[in-house]
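Data first, discussion second: the structure below is written as structure tokens.
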Amino acid sequence: MKRMLAFLVLATATRAAAAPQPAAVLVELFTSEGCSSCPPADALLKRLAAEQPVPGARIIALSEHVDYWDDLGWRDAFSGPVFTRRQLAYARRLRTSTYTPQMIVAGAHAFVGSDGRSAAAAVQSARDEPAGEVSARWRPEGGGAIEVSARWPDHVEAQVLVAFVQNHATSRVARGENAGRTLEHIAVVRELSVAGTGAGTFSGRVTSPAPAGADRAVVFVQARDGGRIHGVAEVELQHASDVLDHPHGAWR
0 MKRMLAFLVL ATATRAAAAP QPAAVLVELF TSEGCSSCPP ADALLKRLAA EQPVPGARII
60 ALSEHVDYWD DLGWRDAFSG PVFTRRQLAY ARRLRTSTYT PQMIVAGAHA FVGSDGRSAA
120 AAVQSARDEP AGEVSARWRP EGGGAIEVSA RWPDHVEAQV LVAFVQNHAT SRVARGENAG
180 RTLEHIAVVR ELSVAGTGAG TFSGRVTSPA PAGADRAVVF VQARDGGRIH GVAEVELQHA
240 SDVLDHPHGA WR
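Counting from 0, one number per residue, gives the positions in the sequence shown under numbering that gives the first Met the number 0.
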């Protein structure tokens, strides 16, 4: 009996050790507080991040506020031209139009940002695609730095990008299409920058100070033509003990 129990314990431990980690999938929402169609998409992004509805996938969400609504009655305090340029690059790459709300999954799947069915299908597709590996660790010494290590297929020229993210935000909108509404946002990108470029590997430290309000950093590898994401990880900024390290699949 003891031998049988020992075998069962060993078998259970072996299965647990062999269980694959969920594949991290980057989900970007291009949105604006000036757009009356955007709050349902903001709510969908919140549900995707909180509920993680796709088995075998870990959704890492980014909310990127474009600035082309800012002259139409309400200036979105979270908006910036860097996000507009990023969305325009996606439009050229994916041969789609530019609109809000728009969701992009893994740099490859574009659809209306409030379409939950399309979101689930795109995350499932991205989960099953070959991917690279990215890790990010927060080092608080000397004012803080993010140590980044990444590996992806050698034939892919890519950029390693760092998004500083505010986990939660609310705004009371006074004018424009959402006048009188209080809007809730999650995973708001406050700053987006390129940490490095290369083919196949990257290792380095990101020492730029995090902007005010940033709670974590999302580090991802993206093909230099603005296309597919080849790995993503996230890391909390406040404490060295709060590190979140989520490799995206296994390189192959």
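Ideal placement from N, C-alpha and C gives every residue a C-beta, glycine not left out. None of these values were measured; they are calculated from a predicted model.
DSSP three-state assignment for residue i, whether helix, strand or coil
i, result
"Thr-95", "coil"
"Gly-266", "For the chain, the structure presents residues 0 to 251; residue 266 sits outside this window and is missing."
"Glu-46", "For clarity, residue 46 is Arg in the given sequence; the question names Glu instead. In this structure, Arg-46 counts as helix in the three-state DSSP scheme."
"Ala-56", "strand"
"Phe-82", "helix"
"Ala-222", "strand"
"Ala-88", "helix"
"Ala-76", "coil"
Nearest-angstrom Cβ-Cβ length linking residue i and residue j, presumed shorter than 8 Å
i, j, result
"Gln-158", "Val-193", "5 Å"
"Ala-90", "Ser-96", "6 Å"
"Ala-130", "Ala-232", "With a Cβ gap of about 11 Å, Ala-130 and Ala-232 do not count as contacting."
"Ala-149", "Val-81", "Not confirmed; about 21 Å, so no contact."
"Gly-112", "Asp-69", "Actually they do not touch by this definition, with Cβ atoms about 18 Å apart."
"Leu-191", "Leu-160", "6 Å"
"Arg-46", "Ala-23", "Not a contact, Cβ separation roughly 18 Å."
"Met-102", "Leu-28", "5 Å"
"Thr-30", "Thr-83", "About 12 Å separates the two Cβ atoms, so there is no contact after all."
"Gly-230", "Glu-132", "6 Å"
"Thr-235", "Trp-137", "According to the sequence as given, residue 235 is Glu; it is not Thr. The Cβ separation is near 7 Å, so the contact holds."
"Glu-176", "Ser-78", "Glu-176 to Ser-78, Cβ: 14 Å. No contact."
In DSSP terms, what residue i is bridged to
i, result
"Leu-61", "Glu-27"
"Val-217", "Ala-162 and Glu-233"
"Trp-68", "For Trp-68, which the question treats as bridged, DSSP gives no partner whatsoever."
"Arg-136", "Glu-146"
"Arg-204", "Glu-146"
"Gln-20", "Partner(s): none; Gln-20 has no beta bridge."
"Val-111", "Gln-101"
Cutoff 8 Å: residue i Cβ touching any chain C Cβ
i, result
"Val-81", "No chain C appears in this structure, which consists of one protein chain only."
(request) Could you tell me whether the stretch 182-201 touches the stretch 106-121, using the rule of 3 or more Cβ pairs below 8 Å? (result) no
(message) Within 8 Å, do at least three Cβ pairs link the stretch 220-227 to the stretch 101-110?
(response) yes
(message) Assess contact between the stretch 207-220 and the stretch 136-149, defined as three or more Cβ pairs (one per stretch) separated by less than 8 Å. Is contact present?
(response) Touching, yes, given that three or more Cβ pairs across the two stretches are closer than 8 Å.
(message) I want to know whether the stretch 200-215 touches the stretch 57-65 - three or more CB-CB distances under 8 Å.
(response) When Cβ pairs closer than 8 Å are counted between the two stretches, the stretch 200-215 is seen not to touch the stretch 57-65, the count staying below three.
(request) State whether the stretch 69-79 contacts the stretch 35-54, with contact taken as three or more CB pairs (one from each stretch) at a distance under 8 Å. (result) no
(request) Starting from the N-terminal side, write out each stretch of the beta strand (DSSP E) that is 3 residues or longer and does not extend beyond the stretch 139-198. (result) 144-150, 156-171 and 181-198
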